[in-house]
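Protein chains in written order, with the working numbering: chain A, 1340 to 1657; chain B, 1340 to 1657. Cβ atoms here follow ideal geometry from the backbone N, Cα and C, with glycine treated the same way. Structure, as structure tokens:
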């Protein structure tokens, strides 16, 4: 069985991996992410070349991209790229295939992460689960009845833009009060700074020399682990907003479990308790039904690239 | 091919249908809905007896019930039944099977409606669509990749309890600002009465002899069809809230279309335009993607019973 190669195009870096026949990570390569699609093709090509060490390989490449990637490998919206103007999708898989001179399989980055966590990570053995990536924004993916859901076009799982409060903060998408304005990594930083301004985070502020701009999610988590009540209160407010969305997703998808990924997956020990409580609080009829388990992603920042590699596994997709 | 029998247990009535071999409605029977599960079994039995005309039949019966019905035919939460206390599910399919002396297939009523609209109604030919029933509350179901989604337990589609505004009205479920407090048939009546109290519906009020309690959804629709601007404004506000939810569901499920059912399906001509506009407004990146079509249910109040009958079609489910 051959190795599999996958590249995850993130907001700041392009990460490529080689998976061995038994799906262990054999090699990795990184490049800073480009902001135009043409430059991005070069970046992906450089990552692949480094992974292959210059050998004249022809094996297919899996690529994960943020944004709306359709089932034909076309990119409809790409928050990380400069806006090319016009509303026509970019034939991204075809262009990458030309550039790399081989078959390229493209999918949304969170869908790739879902595939990886399902096959190799925290979702192993589950027939129904929802992955939610809590990073700068919120993305996600769904395994339903033992298959990765893709929807009509391939756009399943854009959970970050569910509206949860019409009076909420402005979102990058143009609306107000999208879930990711309350429950993403960026939102946690905003919550922390607001609490610090109200005087509720003096212990945290002291630890960063009084510099409000240095109060972010990490400082909060550290303080909460040390028993700081103000920090715990902010994390509870944050967990409350995550719970609002997880309850909506449970009402919609009825998963056996959530797998929470993205940059916040590392905060499992301080978030897990409040999160489960708020999910139960907001879920319809939660005392009369099984409440989904909340798990944290197992593959860390590798999940997207590993899932992109799995797209190319023999028999997976045409 | 034999006929199929289905019974839909609604909030006020039990409706039974016989479907012919080519899935036409051959006969119907109605009884008022009981409020305890034991009485309900008798009601379902009476409906079936009337449909079969006393013949000693043994064909299986499909039954649709509101609430959380699991894949093993157990009822976890039933908003229309008196609370039996305790949190154990009712073994509803087994109890009905004993009562009717034959196999009984049970599912959620909106899931039944989804199956019927997919096989015989407005969803025919679609591989991915979301049905939303806008009745007293909001329910729904999903067809994904050419199959009715059921989720881990069978609870897919409880869309009415997605939270859309933390400052919204109290919901029967105990939370505030669930989607159904803004976008159900009951919510439309509430919006109308609030507008009338603000003096924005004088034309509508005049038509009901000034009696605020008689201003409901139907009066609004009639007035809007006559060109009443106040009534149109209330319907636009209502469409706005439906649009908020449909956008969230599009972000989550990526359907090709919505099929709107329930009591409000008859208002297609006044609601369709504003609804499509608000869906587009709230949908992530709507200028760069196909926006789901909004269809209205074709089978009317028969959908649930017809879908319950289809549960028993040979080869459908074990």
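I need the DSSP call for residue i, collapsed to helix, strand or coil.
{"i": "residue 1567(B)", "result": "coil"}
{"i": "residue 1657(A)", "result": "Bear in mind that the predicted position of residue 1657(A) carries a pLDDT of just 39, short of 50, making it too unreliable to give a figure here."}
{"i": "residue 1632(A)", "result": "strand"}
{"i": "residue 1359(B)", "result": "coil"}
{"i": "residue 1349(B)", "result": "coil"}
{"i": "residue 1410(A)", "result": "coil"}
{"i": "residue 1371(B)", "result": "strand"}
{"i": "residue 1397(B)", "result": "coil"}
{"i": "residue 1673(B)", "result": "Absent from the structure is residue 1673(B), since the part of chain B shown begins at 1340 and ends at 1657."}
{"i": "residue 1579(A)", "result": "helix"}
{"i": "residue 1640(B)", "result": "helix"}
{"i": "residue 1573(A)", "result": "helix"}
{"i": "residue 1342(A)", "result": "coil"}
{"i": "residue 1404(B)", "result": "strand"}
{"i": "residue 1543(A)", "result": "helix"}
{"i": "residue 1322(B)", "result": "The structure shown does not extend to residue 1322(B), since chain B is modelled only from 1340 to 1657, so the question has no answer here."}
{"i": "residue 1614(B)", "result": "helix"}
{"i": "residue 1366(B)", "result": "strand"}
Just to confirm, are residue i and residue j a CB contact at a threshold of 9 Å?
{"i": "residue 1348(A)", "j": "residue 1356(A)", "result": "no"}
{"i": "residue 1525(B)", "j": "residue 1554(B)", "result": "no"}
{"i": "residue 1607(B)", "j": "residue 1577(B)", "result": "no"}
{"i": "residue 1659(A)", "j": "residue 1379(B)", "result": "A query on residue 1659(A) cannot be resolved here, the shown segment of chain A reaching from 1340 to 1657 and no further."}
{"i": "residue 1446(B)", "j": "residue 1646(B)", "result": "yes"}
{"i": "residue 1399(A)", "j": "residue 1477(A)", "result": "no"}
{"i": "residue 1452(A)", "j": "residue 1493(A)", "result": "no"}
{"i": "residue 1571(B)", "j": "residue 1609(B)", "result": "yes"}
{"i": "residue 1594(A)", "j": "residue 1469(A)", "result": "yes"}
{"i": "residue 1514(B)", "j": "residue 1620(A)", "result": "yes"}
{"i": "residue 1509(A)", "j": "residue 1502(B)", "result": "no"}
{"i": "residue 1474(A)", "j": "residue 1639(A)", "result": "no"}
{"i": "residue 1403(A)", "j": "residue 1482(A)", "result": "no"}
{"i": "residue 1628(B)", "j": "residue 1579(A)", "result": "no"}
{"i": "residue 1596(B)", "j": "residue 1462(B)", "result": "yes"}
{"i": "residue 1460(A)", "j": "residue 1642(A)", "result": "yes"}
{"i": "residue 1354(A)", "j": "residue 1387(A)", "result": "no"}
{"i": "residue 1390(B)", "j": "residue 1373(B)", "result": "no"}
{"i": "residue 1631(A)", "j": "residue 1519(B)", "result": "no"}
{"i": "residue 1588(A)", "j": "residue 1562(A)", "result": "no"}
{"i": "residue 1564(B)", "j": "residue 1484(A)", "result": "no"}
{"i": "residue 1506(B)", "j": "residue 1506(A)", "result": "yes"}
{"i": "residue 1633(B)", "j": "residue 1618(B)", "result": "yes"}
Using only alpha-carbon positions, find the residue among the options that is nearest to residue i.
{"i": "residue 1598(A)", "options": "1466(A), 1371(A), 1651(A), 1568(A)", "result": "1466(A)"}
{"i": "residue 1560(B)", "options": "1486(B), 1419(B), 1611(B)", "result": "1611(B)"}
{"i": "residue 1444(A)", "options": "1456(A), 1430(A), 1457(A)", "result": "1430(A)"}
{"i": "residue 1583(B)", "options": "1482(A), 1516(A), 1351(A)", "result": "1516(A)"}
{"i": "residue 1605(A)", "options": "1621(A), 1571(A), 1556(A)", "result": "1556(A)"}
{"i": "residue 1421(B)", "options": "1427(B), 1590(B), 1376(B), 1454(B)", "result": "1376(B)"}
{"i": "residue 1550(B)", "options": "1435(B), 1457(B), 1535(B), 1402(B)", "result": "1535(B)"}
{"i": "residue 1383(B)", "options": "1368(B), 1392(B), 1394(B)", "result": "1368(B)"}
{"i": "residue 1574(B)", "options": "1483(B), 1590(B), 1603(B), 1591(B)", "result": "1603(B)"}
{"i": "residue 1439(A)", "options": "1397(A), 1350(A), 1622(A), 1563(A)", "result": "1397(A)"}
{"i": "residue 1613(A)", "options": "1499(A), 1581(A), 1629(A)", "result": "1581(A)"}
{"i": "residue 1413(B)", "options": "1352(B), 1419(B), 1427(B)", "result": "1427(B)"}
{"i": "residue 1512(A)", "options": "1641(B), 1393(B), 1386(B), 1622(B)", "result": "1622(B)"}
{"i": "residue 1655(A)", "options": "1371(A), 1487(A), 1358(A), 1562(A)", "result": "1487(A)"}
{"i": "residue 1454(A)", "options": "1441(A), 1472(A), 1437(A), 1565(A)", "result": "1472(A)"}
{"i": "residue 1496(A)", "options": "1592(A), 1374(A), 1485(A), 1390(A)", "result": "1592(A)"}
{"i": "residue 1411(B)", "options": "1644(B), 1565(B), 1436(B)", "result": "1436(B)"}
{"i": "residue 1358(A)", "options": "1373(A), 1374(A), 1341(A)", "result": "1341(A)"}
{"i": "residue 1409(B)", "options": "1450(B), 1373(B), 1464(B)", "result": "1450(B)"}
{"i": "residue 1542(A)", "options": "1566(A), 1552(A), 1530(A), 1633(A)", "result": "1566(A)"}
{"i": "residue 1504(A)", "options": "1370(A), 1521(A), 1489(A)", "result": "1521(A)"}
{"i": "residue 1433(B)", "options": "1401(B), 1405(B), 1419(B), 1448(B)", "result": "1401(B)"}
{"i": "residue 1545(A)", "options": "1389(A), 1527(A), 1530(A), 1569(A)", "result": "1569(A)"}
{"i": "residue 1418(A)", "options": "1391(A), 1350(A), 1390(A)", "result": "1350(A)"}
{"i": "residue 1648(A)", "options": "1381(A), 1448(A), 1405(A), 1506(A)", "result": "1448(A)"}
Check whether the Cβ of residue i sits closer than 8 Å to any heavy atom of the ligand SAM, and report yes or no.
{"i": "residue 1638(B)", "result": "Absence of the ligand SAM from the depicted structure is noted, as is the absence of any ligand whatsoever, leaving it without description."}
- Task: Output the residue ranges of the alpha helix (DSSP H) runs that lie fully inside the region 1444-1515 of chain B and measure 4 residues or longer, sorted by chain position.
- Result: Here the runs fully enclosed are 1448-1459.
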